[in-house]
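Mapping of the sequence shown onto our numbering: residues 229 to 542, in sequence order.
For glycine and all other residues, C-beta sits at the position ideal for the given N, C-alpha and C.
Below is one structure, written out as C-alpha cells; comments come after it.
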Amino acid sequence: MKAVVCTQYGPPEVLQLKEVIKPSPRHDEVCIKIHASAVTASDIYIRGSQLPLRFRLPMRLALGITKPRKILGMVLAGEIEAVGKDISRFKPGDQVYGVTGFGLGAYAQYKCMKETDSMHGCLAQKPATISYEEATTAAYGGLLALQRLEEGNVQPGQRVLIYGASGTSGTMAVQLARYFGAEVTGVCSTRNMDFVRSLGAHQVIDYTKDESAHLLTSYDLMLDTAGKAKTSKLKALCRASLGSIGKYISIDDGKLELKAARLETIREVIDAGAIRPVVDRTFSLDQIVEAHQYVEQGRKRGGVAITIEHESLG
Ligand SMILES: NC(=O)c1ccc[n+]([C@@H]2O[C@H](COP(=O)([O-])OP(=O)(O)OC[C@H]3O[C@@H](n4cnc5c(N)ncnc54)[C@H](OP(=O)(O)O)[C@@H]3O)[C@@H](O)[C@H]2O)c1
Numbered sequence: 229m230k231a232v233v234c235t236q237y238g239p240p241e242v243l244q245l246k247e248v249i250k251p252s253p254r255h256d257e258v259c260i261k262i263h264a265s266a267v268t269a270s271d272i273y274i275r276g277s278q279l280p281l282r283f284r285l286p287m288r289l290a291l292g293i294t295k296p297r298k299i300l301g302m303v304l305a306g307e308i309e310a311v312g313k314d315i316s317r318f319k320p321g322d323q324v325y326g327v328t329g330f331g332l333g334a335y336a337q338y339k340c341m342k343e344t345d346s347m348h349g350c351l352a353q354k355p356a357t358i359s360y361e362e363a364t365t366a367a368y369g370g371l372l373a374l375q376r377l378e379e380g381n382v383q384p385g386q387r388v389l390i391y392g393a394s395g396t397s398g399t400m401a402v403q404l405a406r407y408f409g410a411e412v413t414g415v416c417s418t419r420n421m422d423f424v425r426s427l428g429a430h431q432v433i434d435y436t437k438d439e440s441a442h443l444l445t446s447y448d449l450m451l452d453t454a455g456k457a458k459t460s461k462l463k464a465l466c467r468a469s470l471g472s473i474g475k476y477i478s479i480d481d482g483k484l485e486l487k488a489a490r491l492e493t494i495r496e497v498i499d500a501g502a503i504r505p506v507v508d509r510t511f512s513l514d515q516i517v518e519a520h521q522y523v524e525q526g527r528k529r530g531g532v533a534i535t536i537e538h539e540s541l542g
C-alpha cells in the first residue's frame with residue numbers, strides 16, 4: 229500500500245510517499261480502508277522541532293529517537309475492509325471515522341486498530357451526511373471541542389467565549405456551544421470575522437484590534453482553542469473579563485481523551501443537521517509536503533484534509 233514515511237524529524241520535506249506492506253488485522257482489530265486523513269497541529273509538532281524540549285523529549289522516547297518508528301497521521305475516515313474474529317462493533321463495509329492517538333498510521337491507504345478506546349485510538353460510525361474529508365475535521369476538532377465544553381459544563385443561556393474560533397477545534401466549539409444553547413462569542417482575526425459569524429456565533433470580536441476590548445463583557449466560560457502558544461493582548465483581556473465566577477479552559481490543559489462515545493454524540497449532532505464541520509483545503513497523499521507547509525503557517529480555517537485515493541494508486 230501507499231503510505232507517507234517520515235525519514236527523520238525536521239521540515240515538511242522529510243515526508244515521503246512510499247510503498248509499504250499492507251497491515252493485516254489481529255483478532256481484536258479492524259482493518260480500515262482509509263479515504264481521508266487530516267494534517268493537524270499535532271502532526272506538525274510530532275514531525276518538527278517546535279515543541280519545547282520538555283514535551284519533545286518524552287514524545288521522541290515514545291515514538292523514536294532519530295525518526296518516528298511509525299507512519300504519521302492521527303485522524304482517519306474510511307471503510308471497514310476486514311475484521312478480526314473478536315470484533316463485535318463493526319463489520320466490513322461500515323463507514324467509520326476516528327483518531328488514532330499514539331497508534332498514528334493514518335497517512336496510509338490502510339490502518340489496523342482496535343475497536344475499543346485506548347491511547348491508540350477511538351473509532352465510531354461516520355456521520356452519514358458529510359464527506360470523508362469533513363469527517364476528519366469532525367473527529368479531531370470535534371473531540372477536542374466537545375471534551376472541553378463538557379469540562380466547562382456549558383448550560384443553555386450561558387455566555388461562552390471561544391478564543392481562536394476559526395481553527396479546527398474552534399470552528400467545532402463555536403457550533404457545539406451554540407447547539408448546547410449558549411450565547412456564543414467567537415474571537416478571531418479580521419479576515420475570519422464573517423466566517424465565524426457564519427458558524428453561528430452571536431457576536432464576533434477581532435483579536436487584532438485594540439478597540440475590540442470595549443466589546444468584552446462577563447462570560448461563564450472562556451474556551452481557548454488556539455492553544456497556549458498563540459496569544460494576543462486581547463486574550464489576556466478576555467481572561468480578565470471572566471471575573472471571579474467565569475471559568476477559563478485551555479485546549480492544552482490535559483490530554484485529549486480518545487472516546488468513541490463522544491464521536492457518537494458528534495455524529496448525531498451532525499446528522500441532525502445542527503452543525504457542519506469545515507474543511508479549509510484538501511490535498512492528496514502525494515501533496516503531503518505542501519499540506520504540512522500550509523498547516524505549519526498556523527492560519528487554517530477549520531481543518532485540512534488529505535484525500536486518499538485507491539484506484540489510481542493501486
Ligand atoms: N491537549 C491536547 O491533547 C491537544 C491535542 C491536540 C491539539 N491541542 C492544541 O490545540 C491547538 C489548536 O489546534 P487546532 O488544530 O484546533 O488549531 P488550528 O486549526 O491550528 O488553529 C488555526 C487558527 O488559529 C487562529 N489563530 C492563529 N493565531 C491566533 C491567535 N494569536 N489568537 C487567536 N487565533 C489565532 C488562526 O486564525 P487567524 O489566522 O485569523 O489568526 C487559524 O484559523 C493546538 O495548537 C494544540 O496546542 C491540544
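message: Between which residues of its own chain and Val517 is the CB-CB distance below 8 Å, once the five residues before and five after are set aside?
response: Pro240, Glu241 and Leu243
Just how far apart, CA to CA, sit Asp405 and Tyr447? Asp is not the amino acid found at residue 405; the sequence shown has Ala there. Rounded to the nearest angstrom, the two C-alpha atoms are 13 Å apart.
task: Check the C-beta distance from Tyr368 over to Ala266 and give it rounded, since I have them as a contact under 8 Å.
output: 6 Å
Looking only at DSSP bridge pairs, what is Arg387 linked to? Glu411
_Bridge-paired residues (DSSP) for Lys246_ = Ala231
Count the other CB atoms, across all protein chains shown, that sit within 10 Å of the CB of Gln375; report buried if there are 16 or more and exposed otherwise.
-> buried
key: C-beta contact flag for Val424 and Gly409 at 8 Å   = no
Notebook entry, point to check: Can you name, in chain order, every residue of its own chain whose Cβ lies under 7 Å from the Cβ of Ala488, other than the five neighbours on each side?
Noted result: Asp345, Cys350, Leu351 and Ala352
Which word fits Asn381, buried or exposed, when buried means at least 16 other C-beta atoms lie within 10 angstroms of its C-beta? exposed
Original post:
Just checking, does the segment 288 to 305 make contact with the segment 325 to 338 on the three C-beta pairs under 8 Å criterion?
Top reply: yes
Notebook entry, point to check: What is the residue span of the beta strand (DSSP E) that Ser460 lies within?
Noted result: Segment: none, Ser460 is in no beta strand (DSSP E) and carries neither H nor E.
Cβ-based burial, Met347 [other Cβ within 10 Å; buried from 16]
exposed
Open item on the list: At a cut-off of 7 Å, would you count Ala441 as near ligand 1, judging by its Cβ distance to the nearest heavy atom?
Closed with: no
For Cys350, verify whether its CB is less than 7 Å away from any heavy atom of ligand 1.
no
* First and last residue of the uninterrupted beta strand (DSSP E) at Gln375 -> Looking at the DSSP string, Gln375 is not in any beta strand (DSSP E); the run it does join, the alpha helix (DSSP H), is Tyr360 to Glu379.
Pair within 8 Å by beta-carbon distance, Ile262 and Ala334 | yes
- Heavy atom of ligand 1 within 7 Å of Ala366 beta-carbon: no
request  = Consult DSSP for Ala441 and reduce its assignment to one of helix, strand or coil.
outcome  = helix
| field | Cβ neighbour criterion (16 or more within 10 Å) applied to Ser426 | value | exposed
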